[in-house]
Ligand code: HEC
Ligand SMILES: [Cu+2]
């Protein structure tokens, strides 16, 4: 609960205990060697103090002793490395079908939006026992989304999406902090994560919301900005069709290709000249007037255009990326399904 004094934050996510176990192991190893080394330094200091009668002739030399004190630390450090890498990999790998939530950090608040359009400020409601993935971006300076009880923390930077996933294991209310100093009111940039039972969450989520889902808002914006004058749904436009590009490799002018993840799509709108699609002219104007949220909406809309499966591929920017050689050919039988996962 908030406000209660504890030495250790509650462990309320699937990774929390794993992080704690690793952390305790490292603390235990450190404490053990600190005590051992201090004891030896003090003990030897006393035994061999000036004027003591300790035998000083023939100091013992042993190759075995040296081998041991080189090998034991090496093994311990390699265990920490392998164990740490395994836990890190788990924290960084978003499970399939995770529930998607948009996060915008700005001085000095967290703005969140669920896939059905419902918005929250400084408060995030999530269901228990279900993986949730946050797609985060900053409106201004670097912030950092930190939920101690979940043992997850991720920088939220301007101009680029980062992501964070967790699965809460216990209903309750948990602290949310900005963990990157971000200006005068950084200390006020706090909030809470409310973990609810699935049923209560569904009820909460379906409660009144006057906002369109991001993808729908994005479609309206796409029309208002007249993006469709160049981007037709089929071939023949001055710009490429955007249907089904999300999560697929896009061939670039001058060779090579790039995975059309959220960051690429966003960049294509903000700085169209940065990377030009093969076979097209650099005709697209930049859109510096679009706000962070509008860009999120356009990205969500483009991802929803015939995205494979639940569109997850387009949203994972740190997960295992698809090597270009493995790319599915465009004629593969892949019915453009709607976002089945979130509703
Ligand atoms: C004047 C025509 C024109 C307009 C208007 C236009 N685009 Fe483009 N767009 C292009 C062209 C040409 C390309 C391909 C060349 C390039 O990469 O810049 C492109 C590329 C893109 C890409 C990358 C596509 C890919 O296959 O990798 C995205 C995403 C995109 N545009 C989104 C938009 C959005 C969103 C808008 C409206 C806010 C918009 N465009 C308005 C001409 C246009
Ligand atoms: Cu901040």
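Residue numbers (the working numbering): 8 to 350. Here a beta-carbon is modelled for each residue, glycine too, at the ideal position from N, C-alpha and C. A quick note: this is a predicted structure, and the numbers were derived from the prediction, not measured.
Requested in this report: Could you work out which residue in 43, 150 and 95 is closest to residue 188 when comparing CA atoms only?
Outcome: 150
Query raised in the report: What residue does the alpha helix (DSSP H) around residue 72 start on, and which one ends it?
Result: 70-99
Query raised in the report: Exposed or buried, what is residue 65 when buried is set at 16 or more other beta-carbons lying within 10 Å of its beta-carbon?
Result: The residue is exposed, with fewer than 16 neighbouring Cβ atoms inside 10 Å.
Report task. Within the same chain, show all residues whose beta-carbon is closer than 7 angstroms to that of residue 91, passing over the 5 residues directly before and after it, in chain order. Result -> 29
**Report entry** Rounded Cβ spacing between residue 238 and residue 246 (contact assumed at less than 8 angstroms)
**Finding:** 5 angstroms
Query raised in the report: residue 182: beta carbon under 6 angstroms from a heavy atom of ligand 2?
Result: With a threshold of 6 angstroms, the Cβ atom of residue 182 does not count as near ligand 2, since no heavy atom of the ligand is closer than that.
Requested in this report: Take residue 156 as the anchor and find which of 21, 40 and 300 has the nearest alpha-carbon.
Outcome: 21
Requested in this report: Report buried or exposed for residue 185, applying the criterion of at least 16 other Cβ atoms within 10 angstroms of its Cβ.
Outcome: buried
Query - Sequence-distant residues of the same chain with beta carbon closer than 6 angstroms to residue 226, five excluded per side - result: Cβ-Cβ distances below 6 angstroms link residue 226 to 308 in the same chain, with the five nearest sequence neighbours on each side left out; the list follows chain order.
Report task. Within the same chain, show all residues whose beta-carbon is closer than 6 angstroms to that of residue 6, passing over the 5 residues directly before and after it, in chain order. Result -> The displayed coordinates of the chain run from 8 to 350. Any statement about residue 6 would go beyond what the structure contains.
Report task. List the residues that DSSP assigns as beta-bridge partners of residue 120. Result -> Beta-bridge pairing links residue 120 to 109 and 126.
**Report entry** Sequence-distant residues of the same chain with beta carbon closer than 7 angstroms to residue 283, five excluded per side
**Finding:** 259, 260 and 289
Query - Neighbourhood of residue 196 by C-beta, 6 angstroms cutoff - its chain only, sequence neighbours within 5 removed - result: 115 and 185
Query raised in the report: CB-CB under 6 angstroms to residue 127, same chain, minus the five flanking residues each way: which ones, in chain order?
Result: 119
Query raised in the report: Taking contact to mean at least 3 C-beta pairs separated by less than 8 angstroms, is the segment 97-112 in contact with the segment 137-154?
Result: With a cut-off of 8 angstroms, the segment 137-154 and the segment 97-112 count as touching, because enough Cβ pairs lie within range.
Report task. Tell me whether residue 208 is buried or exposed, calling it buried when 16 or more other Cβ atoms sit within 10 Å of its Cβ. Result -> Looking at its Cβ environment, which holds 16 or more other Cβ atoms inside 10 Å, residue 208 is buried.
Query raised in the report: residue 117: which of 95, 142 and 42 sits nearest, CA to CA?
Result: For the residues 95, 142 and 42, the minimum Cα distance to residue 117 belongs to 142.
**Report entry** Any heavy atom of ligand 2 nearer than 5 angstroms to the CB - residues listed
**Finding:** 150, 185, 189 and 196
Query raised in the report: By Cβ distance, which residues of its chain are closer than 6 angstroms to residue 330, with the 5 residues on each side in sequence left out?
Result: Legend: pLDDT at residue 330 = 38, less than 50; position of this residue unreliable, no value from coordinates given.
Query - For residue 264: DSSP bridge partner residues - result: 258
**Report entry** Exposure label - residue 234; buried when at least 16 CB within 10 Å
**Finding:** buried
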